[in-house]
Amino acid sequence: MTIQHRSKLFGGRTTAEELHSQSMRAMCPCGAAPRVKARVFVPVLEVLAKCPEFVHAFFVEHPEMIEHGLPVVQFTDGAKWMKVDERVACAKCLPQMERDLAHGAGILCGQKLHAEVQFDRGPGTDPVSVQIPAGL
Ligand SMILES: [Zn+2]
Numbered sequence: 002m003t004i005q006h007r008s009k010l011f012g013g014r015t016t017a018e019e020l021h022s023q024s025m026r027a028m029c030p031c032g033a034a035p036r037v038k039a040r041v042f043v044p045v046l047e048v049l050a051k052c053p054e055f056v057h058a059f060f061v062e063h064p065e066m067i068e069h070g071l072p073v074v075q076f077t078d079g080a081k082w083m084k085v086d087e088r089v090a091c092a093k094c095l096p097q098m099e100r101d102l103a104h105g106a107g108i109l110c111g112q113k114l115h116a117e118v119q120f121d122r123g124p125g126t127d128p129v130s131v132q133i134p135a136g137l
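With our numbering applied, the sequence shown covers 2 to 137.
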């Protein structure tokens with residue numbers, strides 16, 4: 002019986018999980034390689050109505066976006082949302098990041114807005130597969 006270890010991509014140089022971690026182009030606040038990325042979206046109309054200070058601060062920070070407008074993402078239901086936060090976490094820090102987002106994901110300008118948090122958890126760990134020879 003032969004034990005087949007995790008399959009690796011690119012001729013055995015990396016696993017799918019490592020490739021996903023590298024694609025985030027960020028490090029966990031603890032310094033480890035990230036495993037999960039969370040993006041926080043809030044409705045654009047709600048931001049304009051309840052938090053015009055945020056819009057003003059955004060255009061002060063990104064003056065090149067004045068001619069393009071706010072970076073709006075249209076979800077499949079047609080609603081328009083704006084990404085206001087993006088975080089990454091390693092497996093160890095993930096529970097704390099989830100708790101932080103559960104309590105304060107949609108808070109802008111001191112007001113609680115409706116928020117949607119999308120988690121990119123990647124492919125996950127590859128299961129170790131065992132190859133059983135024919136005839137058993
Ligand atoms: Zn961490």
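In this text, a Cβ means the ideal position worked out from N, Cα and C, and glycines have one as well.
query	result
Candidates Leu49, Leu20, Glu47 and Val48: closest to Pro35 by CA position	Leu20
Extent of the continuous alpha helix (DSSP H) run through Met83	Segment Lys81 to Ala90 is the beta strand (DSSP E) holding Met83; no alpha helix (DSSP H) there.
Validate contact between the stretch 93-110 and the stretch 64-71 using beta carbons, cut 8 Å, 3 pairs	no
Closest Cα partner of Gly105 within the set Asp86, Val48 and Cys31	Asp86
Contact test: Ala33 Cβ vs ligand 1 heavy atom, cutoff 7 Å	yes
From Val89, Val74 and His69, residue whose alpha carbon lies closest to that of Cys29	Val89
Ligand 1 heavy atom lying under 7 Å from the CB of Ala39	no
Alpha-carbon to alpha-carbon, Leu46 and Cys52	10 Å
Within-8 Å CB hit, Pro44 to chain B	Among the protein chains of the structure shown there is no chain B, as only one such chain exists.
Beta bridge counterpart(s) of Val43 as assigned by DSSP	Met83
Same chain, Cβ closer than 8 Å to Val56, neighbours up to 5 away in sequence not counted	Val48, Leu49 and Leu71
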